[in-house]
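Participant: In the numbering used here, the protein residues as written are 534 to 778.
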Amino acid sequence: MMDSVPLTFLDLVVLAVVLISAALAFFRGFVHEVLAIAAWVGAGFAAMYGFPLARPFARDAIPLPWAADGAAAVGLFLVTLVTLSLLTKALSGQVQGSRLNSLDRSLGFLFGLARGVVVMAFAFMVLSWVYPTAEGRPQWISGARTLPLVEAGTDALRSLIPDHLKTEEAKARGLTRQTQEDVRRAIEAKALYDKLSRPSPSTTSGSPTPALAPTLQPGYDSAASSSLDQLFQDEASRQPPDERP
534 MMDSVPLTFL
544 DLVVLAVVLI
554 SAALAFFRGF
564 VHEVLAIAAW
574 VGAGFAAMYG
584 FPLARPFARD
594 AIPLPWAADG
604 AAAVGLFLVT
614 LVTLSLLTKA
624 LSGQVQGSRL
634 NSLDRSLGFL
644 FGLARGVVVM
654 AFAFMVLSWV
664 YPTAEGRPQW
674 ISGARTLPLV
684 EAGTDALRSL
694 IPDHLKTEEA
704 KARGLTRQTQ
714 EDVRRAIEAK
724 ALYDKLSRPS
734 PSTTSGSPTP
744 ALAPTLQPGY
754 DSAASSSLDQ
764 LFQDEASRQP
774 PDERP
């Protein structure tokens, strides 16, 4: 039955990202990909821990404090990244020139597949802030065949987040959900206001015909009254008990 389900836009994006990541890792090799990631991580640590040592020298050379601090952090990061990248290229070149070349490429392909899944899982985690519930997701997300795989990767990433950051993420998702609900209610209220303030004309001449004149009654019709009552009840239910009239 799943074979009859067409691919959605999310499926195409997931397949493209995973295959591109796997292809790059295959041609570069496992050693190169792992050391490249280590180079970026090492550059970040070098900038973080070396910044207090480099800041006094940068401020002596640059009069603006904010510019000096930025130059010190960026300079440390780039110098470390370039140095580690050169070492990565040299080591991976030796591995690819040896008998381990086939194994290096095979492991690189598997690493690329895993990296593509992780990238899409992180992207879906960000996307879940925009669509926090499954009911509000468009069809190209909810109907994707790769959605279970992406959701499993997202859950695995969330399990690695510290507890205090999980609380902040839950607050952000709740705020996004509340904002979407407020926007929906505002749109409904605007549509109801437009309907009540601009009723449809009964005739083309602007005055009611004699046959219809007796049926015209002042006030709102039953549908409008029901909509207003429902809107007021929804707003009252959202107020705290101590603030209700």
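Note that beta-carbon positions come from the ideal geometry of N, C-alpha and C, so glycine has one too.
1) Using 8 angstroms for Cβ pairs, my map puts residue 683 next to residue 551. What's the rounded Cβ distance?
2) Tell me the residue span of the alpha helix (DSSP H) that contains residue 687.
3) Given this structure, state the Cα-to-Cα distance separating residue 545 from residue 722, to the nearest angstrom.
4) State whether the segment 612-628 contacts the segment 566-581, with contact taken as three or more CB pairs (one from each stretch) at a distance under 8 angstroms.
5) Would DSSP call residue 750 helix, strand or coil?
6) Are the Cβ atoms of residue 634 and residue 583 separated by less than 9 angstroms?
7) Kindly list the residues whose CB is nearer than 7 angstroms to the CB of residue 542, restricted to its own chain and excluding five residues on each side of it in sequence; keep chain order.
8) Spatial neighbours of residue 539 within its chain, please: C-beta separation below 6 angstroms, excluding the five flanking residues on both sides.
9) Could you check which residue in 632, 644, 668 has the C-alpha nearest to that of residue 568?
10) Locate the alpha helix (DSSP H) running through residue 585, then write down its first and last residues.
11) Looking only at C-alpha atoms, which of 608, 560, 589, 622 sits nearest to residue 640?
12) Given that a residue counts as buried once 16 or more other Cβ atoms are within 10 Å of its Cβ, and exposed if not, what is residue 601?
13) How far does the alpha helix (DSSP H) with residue 639 in it extend, from its first residue to its last?
14) Skipping 5 residues on each side, what residues in its chain have a beta carbon closer than 7 angstroms to that of residue 738?
15) Consult DSSP for residue 598 and reduce its assignment to one of helix, strand or coil.
16) Along the chain, where does the alpha helix (DSSP H) that runs through residue 631 open and close?
17) If I'm right that residue 591 touches residue 605 with Cβ under 8 angstroms, what's the distance once you round it to whole angstroms?
18) By how many angstroms is the C-alpha of residue 587 removed from the C-alpha of residue 597?
19) What does the alpha-carbon distance come out to for the pair residue 625 and residue 648?
20) Helix, strand or coil for residue 613, going by three-state DSSP, please let me know.
Facilitator: Here's the rundown:
1) That belief does not hold up - the Cβ atoms of residue 683 and residue 551 are roughly 10 angstroms apart, past 8 angstroms.
2) Residue 687 -> alpha helix (DSSP H) spans 680-693.
3) Residue 545 and residue 722: Cα-Cα distance of roughly 38 angstroms.
4) When C-beta atoms of the segment 612-628 are compared with those of the segment 566-581, three or more pairs fall below 8 angstroms, so the two segments count as touching.
5) In this predicted model, residue 750 has a pLDDT of only 48, less than 50, meaning its place in the structure is not dependable; the value taken from the coordinates is given anyway. Residue 750 carries a coil assignment under DSSP once its states are collapsed to helix, strand and coil.
6) Inclusion of residue 634 and residue 583 in the CB contact set at 9 angstroms is not warranted, their separation being larger than that value.
7) Result list for residue 542: 673, in chain order.
8) Cβ within range, chain order: n/a, list empty.
9) That would be 644, whose Cα lies nearest to the Cα of residue 568.
10) That run of the alpha helix (DSSP H) goes 563-594.
11) Comparing Cα positions, the closest option is 560.
12) Around the CB of residue 601, 16 or more other CB atoms lie within 10 Å, so the residue is classed as buried.
13) First-last of the alpha helix (DSSP H) with residue 639: 634-663.
14) Annotation note: pLDDT 49 at residue 738 (below 50); position unreliable, coordinate value reported separately. Short of 7 angstroms from the beta carbon of residue 738, and not among the five residues preceding or following it, lies no beta carbon of its own chain.
15) Of the three classes helix, strand and coil, the one that applies to residue 598 here is helix, per DSSP.
16) It is not in any alpha helix (DSSP H) - residue 631 carries neither H nor E in the DSSP assignment.
17) In this structure residue 591 is in contact with residue 605, their Cβ atoms being roughly 4 angstroms apart against a cut-off of 8 angstroms.
18) Just so you know, the alpha carbons of residue 597 and residue 587 end up roughly 15 angstroms apart.
19) Rounded to whole angstroms, residue 625 to residue 648 spans 19 angstroms at the Cα level.
20) Helix, per DSSP.
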